[in-house]
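Structure first, then comments.
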Amino acid sequence: MLSLYRPGGGWLHRMPAGPKLVFLALVAAVLAALPSTWGSAPTAVGAACLLYIASGVGAAELLRQTWALRGIIVVTAAGQLLFLGLESAVANTARVVAALLVAALVPLTTPVAAMLDALERGFEPLRRVGVDPARLALLWTIALTTIPVLARLATEVRDAQRARGLRPSLARGAMPFLVLALRHADDLGDALAARGIR
Numbered sequence: 301m302l303s304l305y306r307p308g309g310g311w312l313h314r315m316p317a318g319p320k321l322v323f324l325a326l327v328a329a330v331l332a333a334l335p336s337t338w339g340s341a342p343t344a345v346g347a348a349c350l351l352y353i354a355s356g357v358g359a360a361e362l363l364r365q366t367w368a369l370r371g372i373i374v375v376t377a378a379g380q381l382l383f384l385g386l387e388s389a390v391a392n393t394a395r396v397v398a399a400l401l402v403a404a405l406v407p408l409t410t411p412v413a414a415m416l417d418a419l420e421r422g423f424e425p426l427r428r429v430g431v432d433p434a435r436l437a438l439l440w441t442i443a444l445t446t447i448p449v450l451a452r453l454a455t456e457v458r459d460a461q462r463a464r465g466l467r468p469s470l471a472r473g474a475m476p477f478l479v480l481a482l483r484h485a486d487d488l489g490d491a492l493a494a495r496g497i498r
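Count along the sequence shown starting at 1, add 300, and that's the number in the working numbering.
Structure follows, in structure tokens:
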């Protein structure tokens, strides 16, 4: 499985995986729950930026993660502008982006093995109702690490189009992106099968 982990010595890197997951989930939930007002946009974005800087992950990684979200920013802002107006569009887009940036700190500051262990311990009570905590933890970990991988694949498709002298477009990029995404899914499935996970 591809690891998005960036080694570091900041307080977020040193925090145990379980408490870190709970802390960042709470921060993301609070940011997502802010009201749709002008003041919410700088509050949400400022909080996410502060977390990146204060945790030692850094401004460069913050810019990389924000750039990876540019498609989500455009789609969210356009949809909100169409139906809700400028204030709500700015506030809601900022809240979504801030929550996603905070969520990205989990795989960036937590090794995959530590994340799996923490999630498995957290899901242990579900064993009483017939849920396998190990499988559920693996599912969540794959979901957390796959979203940035798909963003990277989309960037690779756009870069390949530019290298060929083409103007990047959704129509031209959809098929290559789909092929790369399916290839990634196949590789991931093969890796899981090789480890005896069905």
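Just so you know, even glycine gets a beta-carbon here, dropped at the ideal spot from N, CA and C.
Measure the beta-carbon distance from residue i to residue j and round it to whole angstroms, keeping in mind my assumption that it falls under 8 Å.
{"i": "Arg306", "j": "Leu453", "result": "Actually they are not in contact, since the Cβ atoms of Arg306 and Leu453 sit about 19 Å apart, beyond 8 Å."}
{"i": "Ala403", "j": "Ala328", "result": "5 Å"}
Considering Cα atoms alone, identify which of the options is closest to residue i.
{"i": "Arg314", "options": "Thr376, Leu405, Gly379", "result": "Leu405"}
{"i": "Asp486", "options": "Thr455, Arg464, Arg472, Thr446", "result": "Thr446"}
{"i": "Asp432", "options": "Leu419, Ile442, Val345", "result": "Leu419"}
{"i": "Ala413", "options": "Leu438, Val397, Val402", "result": "Leu438"}
{"i": "Leu386", "options": "Trp338, Gly346, Val374, Gly422", "result": "Trp338"}
{"i": "Leu401", "options": "Thr410, Cys349, His484, Ser469", "result": "Cys349"}
{"i": "Gln380", "options": "Arg435, Val396, Gln365, Val449", "result": "Val396"}
{"i": "Phe477", "options": "Ala491, Asp490, Glu361, Thr455", "result": "Thr455"}
{"i": "Pro489", "options": "Gly346, Ile442, Glu361", "result": "Rather than Pro, the amino acid found at residue 489 in this sequence is Gly. Looking at the Cα atoms, Ile442 is the closest of the given residues."}
{"i": "Ser388", "options": "Ala460, Ser336, Gly308, Ser469", "result": "Ser336"}
{"i": "Gly308", "options": "Gly422, Thr410, Asp459, Ala347", "result": "Thr410"}
{"i": "Gln365", "options": "Val449, Gly422, Ala434, Arg421", "result": "Val449"}
{"i": "Gly318", "options": "Leu436, Ala434, Arg421, Arg435", "result": "Arg421"}
Give me the Cα-Cα distance between residue i and residue j, rounded to the nearest whole angstrom.
{"i": "Met415", "j": "Val457", "result": "30 Å"}
{"i": "Ala332", "j": "Trp440", "result": "20 Å"}
{"i": "Glu424", "j": "Pro316", "result": "18 Å"}
{"i": "Leu312", "j": "Gly356", "result": "8 Å"}
{"i": "Thr376", "j": "Arg370", "result": "10 Å"}
{"i": "Ala378", "j": "Leu334", "result": "20 Å"}
{"i": "Val429", "j": "Phe323", "result": "26 Å"}
{"i": "Arg464", "j": "Ser340", "result": "42 Å"}
{"i": "Thr343", "j": "Ala493", "result": "44 Å"}
{"i": "Thr394", "j": "Leu382", "result": "This sequence places Ala at residue 394; Thr is not what is there. Using only the alpha carbons, I get a separation of about 16 Å."}
{"i": "Ala471", "j": "Gly310", "result": "42 Å"}
{"i": "Leu482", "j": "Arg427", "result": "32 Å"}
{"i": "Leu480", "j": "Ile373", "result": "23 Å"}
{"i": "Met301", "j": "Ala491", "result": "Any reading at Met301 must be qualified, since the residue scores a pLDDT of 40, below 50, and its modelled position is unreliable; no value is offered."}
{"i": "Glu361", "j": "Leu384", "result": "32 Å"}
{"i": "Pro468", "j": "Ala460", "result": "9 Å"}
Could you check what DSSP says for residue i in three-state terms: helix, strand or coil?
{"i": "Arg306", "result": "coil"}
{"i": "Asp522", "result": "Residue 522 is absent from the structure shown; the chain starts at 301 and stops at 498."}
{"i": "Gly356", "result": "coil"}
{"i": "Ser469", "result": "coil"}
{"i": "Trp367", "result": "helix"}
{"i": "Leu480", "result": "helix"}
{"i": "Pro342", "result": "helix"}
{"i": "Leu381", "result": "helix"}
{"i": "Leu334", "result": "coil"}
{"i": "Pro316", "result": "coil"}
{"i": "Met301", "result": "Here the model assigns Met301 a pLDDT of 40, short of 50, so the residue's position is not dependable, and the following value carries that caveat. DSSP places Met301 in coil when its eight states are reduced to three."}
Using the beta-carbon count (16 or more within 10 Å), is residue i buried or exposed?
{"i": "Leu326", "result": "exposed"}
{"i": "Ala359", "result": "exposed"}
{"i": "Ala474", "result": "exposed"}
{"i": "Val390", "result": "buried"}
{"i": "Ala354", "result": "exposed"}
{"i": "Leu351", "result": "buried"}
{"i": "Ala398", "result": "buried"}
{"i": "Leu321", "result": "buried"}
{"i": "Ala368", "result": "buried"}
{"i": "Leu304", "result": "buried"}
Return yes when the C-beta of residue i is under 7 Å from any heavy atom of the ligand FAD, and no when it is not.
{"i": "Gly310", "result": "No copy of the ligand FAD occurs in the structure displayed, which carries no ligand at all."}
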